[in-house]
Amino acid sequence: MSIEEKLRHEYLQEARRIKTTHSLDRHVLDIYRKEMNRGMVNMVRKKKLPRIAIALLIVGLLSGFAYVGGKLLFQENQGPWQVEYRTSADNFQLQHITPEQIRSKMAEVKSTLVTGEAAVIYFADLEREVNFSMGPLLGVKQPEKLTDWNQWLKRLQEQHISVPIPEVLPGPFHFEAGQLGSPLGGDLDEEGLNMLDQLRQESQETGNSIVWRKVPDHKPLVDSYSFIYQNEGRERLFVRLIPSPPENILIKATLPESTTYEEVTVGSVKAHYISHEYSIYSESNHYKEMTWIQTNGDQSYLVGVSSDSPDVTKDQLIQAAESIQ
């Protein structure tokens, strides 16, 4: 195994134990890239890059951009969960490729996949972006969607998920489907990440700035369960549950400078509301979310109620969140 492979392997082994969001301090990314280029495996063995930094190189939820300055929005430490949301020093702007081009390619690749298949896409232009933290790889998957409410509940019971989510949320928003993973996509796994060198080489040899491959036996780094709802106006709400694993979880998110943030009370629980217009995974670029930590029985969850529909309001998210308590 080469030095580079050993280093990457150790990063990925650490990342399996942590969950994070679509964000990464730029200095962490710079350190990672520099050490990968120099082949310094002692980076992990001697300098011991923080586990949160390692995880930030791997997987995300919100925006996909790196932290540069900015301010702290909130910190939450509860049980195994450690959560930190910050803003960047500016709003996120891609210079070499548009979010529409990224989403178009992701949709194109996804349309070629059968249920259960996953793929990884290499975007050469993303390597030139200063603010994009997740590197040039993005994941897509054609998830199995269960549209029958009782079948979805059975699937959750098999996984010992006990949060009482209603079939109809205030609005009303009616249940459309349940699936594993993020409702907006972007999931990567270890095998997909290990394809970076192959895809980069293929891009250079063919002259194609975007290349992709299927990922056999896709295994998500973190288990999550998503409920998809829709109202008569075809506006969407998502409820996502992330069960806590046995070890502590560190989550670090970076959002645009213009992000709206507010601490709110949902039932008897403190929740955090964010809203911004710079999500590469949302067709509208809009993304808003209400998130909190909830305990049911012996299991704790990070719960998120979100929407990519511009006209869905904060009050609607609060009402949906209250119906879950």
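Mapping the sequence shown onto the numbering used here, position 103 (from 1) lands on 125, and the numbers just tick up by one. In this text, a Cβ means the ideal position worked out from N, Cα and C, and glycines have one as well.
About 6 Å separates the CB atoms of VAL244 and ILE264; that is less than 8 Å, so the two are in contact.
Listed as beta-bridge partners of ALA293 by DSSP are VAL286.
The three-state reading of DSSP puts ARG262 in strand, counting E and B together.
The beta carbon of ARG177 sits closer than 8 Å to the beta carbons of LEU168, GLY200 from its chain, once the five residues preceding and following it are set aside; these are given in chain order. The Cβ atoms of GLU139 and LYS236 lie closer than 9 Å to each other. Comparing alpha carbon positions, the residue from SER133, VAL162, PHE260 closest to GLY207 is VAL162. Separation of SER204 and PHE260 (C-alpha to C-alpha, rounded to the nearest whole angstrom) is 9 Å.
ASN318 carries a strand assignment under DSSP once its states are collapsed to helix, strand and coil. Closest in C-alpha terms to GLN321, from the list TRP103, TYR144, GLN117, LEU95, comes TRP103. Assigned with DSSP and collapsed to three states, THR169 falls in coil, not helix or strand. TYR283 sits away from LEU191, with the two beta carbons spaced by 9 Å or more. Residues of the same chain with a CB within less than 6 Å of the CB of VAL105, apart from the 5 flanking positions on each side, are GLU98, ILE273 in chain order. For the 9 Å CB-CB criterion, SER329 and ARG258 form a contact. Cβ-Cβ separation between LEU160 and ILE143: approximately 5 Å, consistent with a contact (criterion under 8 Å). The three-state reading of DSSP puts VAL244 in coil, since its state is none of H, G, I, E or B.
With contacts defined by Cβ atoms closer than 9 Å, GLY255 and ALA343 do not form a contacting pair. Between TYR323 and VAL185, the gap from beta carbon to beta carbon is short of 9 Å.
With respect to the C-alpha of GLU269, the residue from LEU95, GLY101, THR287 having the closest C-alpha is GLY101.
Under the three-state reduction of DSSP, THR281 is assigned to coil, being neither helix nor strand. Exposed is the label assigned to GLY229, since fewer than 16 other Cβ atoms lie within 10 Å of its Cβ. Secondary structure at SER329: strand, using DSSP grouped into helix, strand and coil. The count of Cβ pairs closer than 8 Å, one atom from the region 120–132 and one from the region 296–306, reaches three, so the stretches are in contact. For GLU269, no alpha helix (DSSP H) encloses it, and the DSSP letter there is neither H nor E.
Residue burial annotation: GLY326 is buried, with at least 16 other C-beta atoms found within 10 angstroms of its C-beta. With contacts defined by Cβ atoms closer than 9 Å, LEU215 and PRO165 do not form a contacting pair. Here GLN173 is exposed: its Cβ has fewer than 16 other Cβ atoms, across all protein chains shown, within 10 Å.
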